[in-house]
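Below is one structure; the comments refer to it alone.
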Amino acid sequence: RTSANPLLVFSCLRSSTLPCARAFTILRGGSMSEMAVSLASSPPSVLPGDLSLVEHTLTVPLDYAAPASGTTSLFVREMCMASKRSDEKLPFLLYLQGGPGFPAGRPSVPPSGWQKAALEKYRVLLLDQRGTGRSAAVTTESLAAYANPEDQADFLSHFRADSIVRDCELIRTHIAGGQQLTLLGQSFGGFCILSYLSLAPAGVERALFTFGLAPVGCSAEDVYRATFKRMEYRNKRYYTRYPADVDLVRRIVSLLHASAAQLPRGGTLTPRRFLQLGLLLGSASGLEALHDLLELARSPTGEVDSLPQHFLLAVEQAQQHFETNPIYWLLHEAIYCDGPGTASCWAAERVQASLGEAWDYTCCLSPTSPPIQFTGEMVYSWMGEDYAWLRPLQQAAEILAQKDDWGRLYDEQALRAGVSPCAALISYDDIYVERACSEATVEMLGGFPRVRTWVSNEFQHSGLRDQPSVFEKLLAMSKGELEH
Numbered sequence: 001r002t003s004a005n006p007l008l009v010f011s012c013l014r015s016s017t018l019p020c021a022r023a024f025t026i027l028r029g030g031s032m033s034e035m036a037v038s039l040a041s042s043p044p045s046v047l048p049g050d051l052s053l054v055e056h057t058l059t060v061p062l063d064y065a066a067p068a069s070g071t072t073s074l075f076v077r078e079m080c081m082a083s084k085r086s087d088e089k090l091p092f093l094l095y096l097q098g099g100p101g102f103p104a105g106r107p108s109v110p111p112s113g114w115q116k117a118a119l120e121k122y123r124v125l126l127l128d129q130r131g132t133g134r135s136a137a138v139t140t141e142s143l144a145a146y147a148n149p150e151d152q153a154d155f156l157s158h159f160r161a162d163s164i165v166r167d168c169e170l171i172r173t174h175i176a177g178g179q180q181l182t183l184l185g186q187s188f189g190g191f192c193i194l195s196y197l198s199l200a201p202a203g204v205e206r207a208l209f210t211f212g213l214a215p216v217g218c219s220a221e222d223v224y225r226a227t228f229k230r231m232e233y234r235n236k237r238y239y240t241r242y243p244a245d246v247d248l249v250r251r252i253v254s255l256l257h258a259s260a261a262q263l264p265r266g267g268t269l270t271p272r273r274f275l276q277l278g279l280l281l282g283s284a285s286g287l288e289a290l291h292d293l294l295e296l297a298r299s300p301t302g303e304v305d306s307l308p309q310h311f312l313l314a315v316e317q318a319q320q321h322f323e324t325n326p327i328y329w330l331l332h333e334a335i336y337c338d339g340p341g342t343a344s345c346w347a348a349e350r351v352q353a354s355l356g357e358a359w360d361y362t363c364c365l366s367p368t369s370p371p372i373q374f375t376g377e378m379v380y381s382w383m384g385e386d387y388a389w390l391r392p393l394q395q396a397a398e399i400l401a402q403k404d405d406w407g408r409l410y411d412e413q414a415l416r417a418g419v420s421p422c423a424a425l426i427s428y429d430d431i432y433v434e435r436a437c438s439e440a441t442v443e444m445l446g447g448f449p450r451v452r453t454w455v456s457n458e459f460q461h462s463g464l465r466d467q468p469s470v471f472e473k474l475l476a477m478s479k480g481e482l483e484h
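So the sequence shown is numbered by the UniProt record's numbering: it starts at 1 and just counts up by one.
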């Protein structure tokens, strides 16, 4: 099995480009609660399965460093069992969604999956993180209201984990009555938890991570070197399961190399965009999902002489989140920029270029060449050309990629000194969040018994959704009720 070099990971933690001595302000008592915040709440609704739902909208500062300069809105769904609504001792669990740029999943009605398990013990808060869902969603249309790309980029700079954590503290104050929160973070949601444990550790009762232990102390380049290596293995798994797809992929890429295809929504399907379908390989059913999609390229006789419209539509639908949720493209690499001097400069693009012919599809078009490699969770500057809805945002994306005065996301000293118990599920083969980096972060947090880890090859990145027992097991681990 391929893996990041653990020595590389630990050397990242000592990198001179990411000093631990930078100024970092931990939020104290009244510093957040004293901000002017308005809260509007709906009457409770009782839904099938004894589910009680209240919808909250908060108006909060856009820029917490200049709270008088403007506001944005947050949308939170509060769920509990209707039979427990009057129980004032029922604790709160806040779910932080993966991303960046995606809202929380909607309530399952009647309750099912991890939500059903959580509702047995908690009031569950589903936050649409700022700029997503009903929290003043950032879209290509909404960004068009800004006068120029510089203003767009300045606005977008306030949508990272440090701002999300400050939002959560206001939610804790104004919705949870100041109670400590149990946090459940999926993928990027776990990154937000680590920022929470850095910025406002007193607000956290316990923390549960599903595939979201951020690579604290590692640069974007280090992250992508590890994840490209992980994708080599995942590609090998895919082509081993579906060996006929080696030639199928080569044929599709050859057609697109000769002439890019126009997509129904106005985008352009180039070979480089087509190979981004490798993002599908990160879920439990991802190998089958990709194979089934590629089968649509075949004619009734099984040949691939041209690319049919239904295939092009399926590709576009599989990739539509890049356009409907542009924060993912605009700020994805910024989640690895921890403080001044850490511009991303399209890190994935630079790392891929350094890897040579294996990651250059033009070197793999011959029938005797190695299989063409799908890419994983990477974003690229050229997406502003190939994706129609991203074209108006190219200049803002470039400004954000060159930005080198980001604020801190993590405080290593606070993370080491923390006391909130944690439990984490780590996928052995995760193509999104490198296992070796996650294990290094566990050591930074103090390791066992504060952090109890569950490393498994049973799950891909979608384990929380795929297996409802994941939540119950992590909760028991965090309480010391279960050893793994």
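Here a beta-carbon is modelled for each residue, glycine too, at the ideal position from N, C-alpha and C.
Residue j beta carbon less than 8 Å from that of residue i
i, j, result
"A226", "A436", "yes"
"A289", "I252", "no"
"D430", "F211", "yes"
"N325", "G101", "yes"
"V223", "E434", "yes"
"G49", "V109", "yes"
"R130", "S83", "no"
"V204", "L181", "yes"
"S427", "Q460", "yes"
"P271", "Y361", "yes"
"C192", "A161", "yes"
"L156", "A401", "no"
"S438", "L213", "yes"
Between the CA atoms of residue j and residue i - distance to the nearest angstrom
i, j, result
"G302", "A260", "21 Å"
"P43", "E78", "11 Å"
"S283", "P91", "31 Å"
"V9", "W346", "Interpretation of V9 is limited by its pLDDT of 33, a score under 50 that renders its predicted location unreliable; the figure taken from the coordinates is listed afterwards. Roughly 20 Å separates the two Cα atoms."
"E169", "A147", "32 Å"
"I372", "V419", "47 Å"
"T240", "R234", "10 Å"
"Y242", "G278", "14 Å"
"D63", "L199", "16 Å"
"E120", "H291", "39 Å"
"residue 501", "G178", "Any property of residue 501 remains undetermined from this structure, which presents the chain solely from 1 to 484."
"Q276", "K236", "16 Å"
"Q317", "R123", "35 Å"
"S11", "A440", "Here S11 scores only 33 on pLDDT, less than 50, and its place in the model is too uncertain to base an answer on."
"L464", "S381", "31 Å"
"T17", "T342", "Because T17 sits at a pLDDT of 34, beneath the cut-off of 50, its placement in the model cannot be relied upon, and the following sentence gives the value as read from the coordinates. Computed Cα separation, rounded: 8 Å."
"Q115", "L445", "27 Å"
"Q309", "S299", "11 Å"
"L126", "P370", "45 Å"
"D466", "Q319", "21 Å"
Own chain residues within Cβ distance below 6 Å of residue i, not counting five before or after
i, result
"A423", "L208, R452, L474, M477, S478"
"L365", "S254"
"A176", "F92"
"R172", "L181, G203"
Same chain, Cβ closer than 7 Å to residue i, neighbours up to 5 away in sequence not counted
i, result
"A117", "P468, F471, E472"
"L269", "L256, A260, A261, L263, L312, V315"
"E481", "none"
"R85", "P44, S52"
"V54", "S41, S42, P44, E78"
8 Å CB neighbourhood of residue i in its chain, flanking five on each side removed
i, result
"Q352", "Y224, F228, W359, T375, M378"
"R22", "With a pLDDT of 36 at R22, under the threshold of 50, the predicted position of this residue should be treated as unreliable, though the coordinate-derived value follows. Answer for R22: G339, P340, R408, listed in chain order."
Counterpart residues of residue i in DSSP-defined beta bridges
i, result
"Q186", "T210"
"T453", "A424"
"L375", "Contrary to the premise, residue 375 reads as Thr rather than Leu in this sequence. DSSP output for T375 lists no bridge partner at all."
"E78", "V54, L125"
"P340", "D405"
"L47", "L51"
"V204", "L181"
Q.
Under 8 Å: do the segment 93–111 and the segment 122–139 share three or more Cβ pairs, one atom per stretch?
A. Yes: the two stretches touch, three or more of their Cβ pairs being nearer than 8 Å.
**Q.** Any 3 or more C-beta pairs closer than 8 Å across the segment 347–356 and the segment 367–382
**A.** Short answer: they touch.
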